[in-house]
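Written below as structure tokens is the structure these notes are about.
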């Protein structure tokens with residue numbers, strides 16, 4: 001069964017850090033472009049970070065300098081390291097893997113930044 005499973009979300013205080021993980025099963029991540037999206041209440045879905053198969057990355061301006069996306073192809077994992085978290089980062093975070101003609105979504109993991 002082809003699927004993505006996110007983990008690592010939770011409640012953190014402003015200024016804190018979390019690391020999200022996206023695990024692929026039933027397929028190999030290696031050639032896929034993998035992105036982290038987030039959806040906050042009352043807002044549109046936002047593309048937060050992307051990593052390509054060669055390792056190049058892109059970030060939304062809102063997370064640049066605070067978030068880092070990385071991948072471990074041997075373990076079939078993609079990570080999102082989130083530092084200096086703000087209340088505005090509160091959202092459900094989704095992992096997406098895509099290759100020509102194929103797009104796979106995870107179920108999402110909740111991140112709440114609050115004191």
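Residue numbers (the working numbering): 1 to 115.
Backbone N, C-alpha and C define an ideal beta-carbon position, used for all residues, glycine too.
Please read all numbers here as calculations on a predicted model, not as lab measurements.
Following the DSSP letters along the chain, one finds residue 92 inside the beta strand (DSSP E) bounded by residues 91-99.
The beta carbon of residue 77 sits closer than 8 Å to those of 21, 22, 23, 24, 29 and 71, all from its chain and outside the five residues before and after it, given in chain order.
Close CB contacts of residue 110 within its chain, under the 7 Å cut and outside five residues either way in sequence, are with 9 and 92 (chain order). According to DSSP, residue pairing for residue 107 in a beta bridge does not occur. Here the alpha carbon of residue 15 sits roughly 31 Å from the alpha carbon of residue 74.
Taking residue 57 as the centre and dropping the five residues before and after it, the same chain places the C-beta of 49, 50, 51 and 69 closer than 7 Å to its C-beta, in chain order. Where residue 68 is concerned, the enclosing beta strand (DSSP E) starts and stops at 67-72. Residue state for residue 49 is assigned as strand, using DSSP reduced to three classes.
From the listed residues 97, 84 and 27, the smallest Cα separation to residue 19 is found for 84.
Counting the other CB atoms within 10 Å of its CB gives residue 80 a total of 16 or more, which places it among the buried residues. Within a 10 Å sphere around the beta-carbon of residue 89 sit 16 or more other beta-carbons, which makes this residue buried.
Residue 33: member of the beta strand (DSSP E) spanning 33-39, first to last residue.
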